[in-house]
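Report on the following structure.
Number of protein chains: 2
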Amino acid sequence: METTWAPRLRDAGLRVTRPRLAVLDALADHPHADADTLVMVARQAHPTISPQAVYGVLKALVAVGLARRVEPAGAPALYEVRVGDNHHHLVCRSCGVVADVDCTVGAAPCLTPSDTAGFVVDEAEVVFWGLCRECRARTPERAAQVLQHRNRGGAHA
Amino acid sequence: METTWAPRLRDAGLRVTRPRLAVLDALADHPHADADTLVMVARQAHPTISPQAVYGVLKALVAVGLARRVEPAGAPALYEVRVGDNHHHLVCRSCGVVADVDCTVGAAPCLTPSDTAGFVVDEAEVVFWGLCRECRARTPERAAQVLQHRNRGGAHA
DNA sequence: CCGCTTGTCTTGACTGAGTCAAATCAAGAC
DNA sequence: GTCTTGATTTGACTCAGTCAAGACAAGCGG
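Chain order of the listed sequences is V and F. So for the first sequence, numbering that gives the first Met the number 0 puts the first residue at 0; every next one is plus one. So for the second sequence, numbering that gives the first Met the number 0 puts the first residue at 0; every next one is plus one.
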């Protein structure tokens, strides 16, 4: 990390400001962080930054494609600076932790639905739900419950 | 439709109540409806039902597997009674309308990520983003913009 | 280097979706 | 019909995020 953000901001037509650099550094250090976490982390570099400034910066970064917003069901939005490639996410049902999964592009037939119902599809977003290693180790009995509860609904892998 | 809900509720260990029947009928008539819409629709059968009652009913139905909750990014949660099979969703970026897509289970290699980072995955959720036929026809120039804007970020189909 | 223009940040009020808790009510067992 | 317990109502509340007005500063031209 420690990318030089300034030229990337300028290339995107954005001014280089302290709040933006602080948020970008925070994002690089904390992939999959929510806005609240980013406020706290960014304050290490810029103690007076306001939550609204962080929201504004994130919105600007997402708009120009320097950051990506992910919204797992039931959790506040997460942000990441890994953009341009295509990857998906593993989300832990228990602790909410998120991990990246590379998508095997080219060998992904199911990502082009056969019947698109008249839609023109431009993106396929995949979220894998499960339990992370730590949560299974920490509370195995609860983990089993969570999985069983879920499978009743007809989930599949 | 017009399924007899009573036995299904009882089988799930839930009492048969007027609010629950009203919400289930509303769900059957309006697949992919949000809570607010369901309140209005359910009031045709049960005029005094409160929004909180609808939230409570939906939570109970989801908990026992009679309904499914879907949360597309940037929109309120949607509910559907189509459960038990496995299907995914097409979401229109412009108007938010949702359509079902059957998943070709068995021929879906990409839905078992190669590297699960220690996770035990129990469900793969897929959301296809795009534009519905109506939105493309209605505002073709805006539709093109929306798609182009999106593709800058590195989306794929 | 100085000042100007315009985009950015701060401050604070506000919205929308959903939750929580106490009291009332009714489903269904007896 | 009566009772028990789960369901519903009512109303306050939380959380994430938005909106708007004014202060501020990035980076241009001179």
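Even glycine gets a Cβ: it sits at the ideal position worked out from N, Cα and C.
{"Asked": "With a cut-off of 9 Å, does the C-beta of residue 132 (chain F) fall near any C-beta of chain V?", "Found": "yes"}
{"Asked": "Are the Cβ atoms of residue 123 (chain F) and residue 131 (chain V) separated by less than 9 Å?", "Found": "no"}
{"Asked": "Would you list the residues sitting across from residue 9 (chain F) in a DSSP beta bridge?", "Found": "Partner(s): none; residue 9 (chain F) has no beta bridge."}
{"Asked": "Can you give the Cα-Cα distance for residue 93 (chain V) and residue 134 (chain F), rounded to whole angstroms?", "Found": "38 Å"}
{"Asked": "By the 9 Å beta-carbon criterion, what residues does the segment 70 to 93 of chain F contribute toward chain V?", "Found": "70, 71, 72, 73, 76, 82, 83, 84, 85, 87, 89, 90, 91 and 92"}
{"Asked": "Should residue 138 (chain V) be flagged as near chain F, meaning a C-beta pair shorter than 9 Å?", "Found": "no"}
{"Asked": "Should residue 82 (chain F) and residue 64 (chain F) be called a contact, given that it needs their Cβ atoms to be closer than 9 Å?", "Found": "yes"}
{"Asked": "Any idea what DSSP makes of residue 106 (chain F), helix, strand or coil?", "Found": "Since pLDDT at residue 106 (chain F) reaches only 47, below the 50 mark, its modelled position is unreliable, and no value is offered."}
{"Asked": "Hey, residue 88 (chain F) and residue 120 (chain F) are a contact pair by Cβ (cut 8 Å); roughly how many whole angstroms apart?", "Found": "Not a contact, Cβ separation roughly 19 Å."}
{"Asked": "Less than 8 Å between C-beta atoms, sequence neighbours within five positions excluded: which residues of the same chain meet that for residue 12 (chain F)?", "Found": "63"}
{"Asked": "Using the Cα positions of residue 75 (chain V) and residue 33 (chain V), report the straight-line distance between them to the nearest angstrom.", "Found": "6 Å"}
{"Asked": "Please list, in chain order, the residues of the segment 12 to 33 of chain V that have any C-beta partner in chain F closer than 9 Å.", "Found": "none"}
{"Asked": "Quick check on DSSP: helix, strand or coil for residue 23 (chain V)?", "Found": "helix"}
{"Asked": "Contact defined as beta carbons within less than 8 Å: I believe residue 72 (chain V) pairs with residue 70 (chain F). What is the distance between those atoms, to the nearest angstrom?", "Found": "4 Å"}
{"Asked": "Do you know offhand how far residue 20 (chain F)'s Cα is from residue 114 (chain V)'s?", "Found": "32 Å"}
{"Asked": "Taking Cβ positions, are residue 30 (chain V) and residue 79 (chain V) nearer each other than 9 Å?", "Found": "yes"}
{"Asked": "Helix, strand or coil for residue 134 (chain V), going by three-state DSSP, please let me know.", "Found": "helix"}
{"Asked": "DSSP beta-bridge partners for residue 176 (chain F)?", "Found": "As shown, chain F starts at 0 and ends at 156. That puts residue 176 (chain F) outside it, with no answer to give."}
{"Asked": "Measure from the C-beta of residue 129 (chain V) to each C-beta in chain F and report whether the shortest distance is under 9 Å.", "Found": "yes"}
{"Asked": "From residue 41 (chain F) to residue 85 (chain F), what does the alpha carbon distance come to, in whole angstroms?", "Found": "27 Å"}
{"Asked": "Taking DSSP as the reference, what is the three-state secondary structure of residue 67 (chain V)?", "Found": "strand"}
{"Asked": "DSSP three-state label for residue 156 (chain V), please.", "Found": "Low per-residue confidence applies at residue 156 (chain V): pLDDT is 40, beneath 50, and the placement is therefore not dependable, though the value from the model is reported in the following sentence. DSSP places residue 156 (chain V) in coil when its eight states are reduced to three."}
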